[in-house]
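Chemist: Residues 79 to 264, numbered by the working numbering, are exactly what the sequence shown covers, in order.
Backbone N, C-alpha and C define an ideal beta-carbon position, used for all residues, glycine too.
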Amino acid sequence: MRILVEKNFEHEGETYEPGETVDLPEEVAERAIEKGAAKKVEDIEDEIEITPGGEVEPSEEEGFPEEVSMPAEEGRSEEDESDVWEELESELEEPSRSPAWRPEEVGDQLLGEVTRTGRGPNGRLLEVRTPEGEKYVLWEKVALKDLFDRVQAGDKIGVRFLGEEESSSGRSYYNYRTALKKGDRN
């Protein structure tokens, strides 16, 4: 079972620290959840809802998101003004919840434009619109920290799943290759 560690705990000589997302046998994961040391990742992702206004619905634990960015609208002409209202109206028609991107096989990739950034109870997130118009939420993982540190709404990104790897300390983690093209912000 995939869990998010909330408090330090040990299992079979391994120490798990807050913020880590790990796969553990169901029995071990359930025990950690019962003791308040972890939460089931699926449950946490279900607590977050992306609203068309670019905000992340707060959970009882987190409060308002610490970061939200939207692309600048500098340089819009008055002709574009009517387009802005049409864009906003179409956003209101969109479903308010985007599914989390979960690669299943090595080589799965997510390509698209970052439409929103934010923070939820299990870390930072990006909402990404693919060239086909689908939207996905990409949650930050350790291997994606550099990308999350540099990306802003309006940027185009590529993320490829490289599979599960083992760190020098013996912990397993999911690895990714990323690409970033900064958006035009004159």
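1. Count the other C-beta atoms from every protein chain shown that fall within 10 angstroms of the C-beta of Leu166, then say buried if there are 16 or more, exposed otherwise.
2. Between Val229 and the rest of its own chain, which residues show a CB-CB distance below 8 Å, the 5 nearest in sequence each way excluded?
3. Output yes or no for whether 8 Å exceeds the beta carbon distance between Leu189 and Pro209.
4. For Arg194, name the three-state secondary structure that DSSP assigns.
5. What would DSSP say about Arg109, mapped onto helix, strand or coil?
6. Closer than 6 Å by C-beta to Leu216: which residues in its own chain qualify, once you throw out the five before and the five after it? Chain order, please.
7. Would the beta-carbon of Glu88 fall within 8 Å of that of Pro96?
8. Using only the alpha-carbon positions, how far apart do Gly261 and Asp233 sit?
9. First and last residue of the alpha helix (DSSP H) that includes Arg228?
10. Enumerate in chain order the residues of its own chain whose CB-to-CB distance from Tyr214 is below 8 Å, with the five nearest sequence positions on each side excluded.
11. Could you pull the DSSP bridge partners for Ala257 from this structure?
Modeler: Quick look at the numbers:
1. Position 88 of the sequence shown, counted from the first residue, corresponds to residue 166. Result: exposed.
2. Against the sequence shown, residue 229 aligns to sequence position 151. Non-local C-beta neighbours of Val229 in its own chain, meaning closer than 8 Å and more than five positions away in sequence, comprise Val192, Thr195, Leu204, Ile235 and Leu258, ordered along the chain.
3. In the sequence shown, counting from the first residue as 1, residue 189 sits at position 111. In the sequence shown, counting from the first residue as 1, residue 209 sits at position 131. Yes, these two residues count as a Cβ contact at 8 Å.
4. Taking the sequence shown and counting its residues from 1, one reaches residue 194 at position 116. The DSSP-derived three-state label of Arg194 is strand.
5. Your numbering for residue 109 matches position 31 in the sequence shown. In the structure shown, Arg109 sits in a helix (DSSP, three-state: H, G or I).
6. As a first step, residue 216 is located in the sequence shown; it is residue number 138 there, counting from the start. Cβ neighbours of Leu216 within its own chain (closer than 6 Å, five residues either side excluded): Trp179, Leu204 and Val206.
7. In the sequence shown, residue 88 corresponds to position 10, counting from 1. In the sequence shown, residue 96 corresponds to position 18, counting from 1. The answer is no: Cβ separation not under 8 Å.
8. Along the sequence shown, one-based indexing puts residue 261 at 183. Along the sequence shown, one-based indexing puts residue 233 at 155. Taking the straight line joining both Cα atoms gives about 4 Å.
9. Position 150 of the sequence shown, counting from 1, holds the residue named residue 228. In the DSSP assignment, Arg228 falls within the alpha helix (DSSP H) that extends over Lys223 to Arg228.
10. The count along the sequence shown starts at 1 and reaches residue 214 at position 136. Here the set comprises Ser176, Pro177, Ala178, Trp179, Leu188, Gly190, Glu205, Val206 and Thr208.
11. What you label residue 257 is simply residue 179 of the sequence shown in a count that begins at 1. Ala257 is bridged to Gly236.
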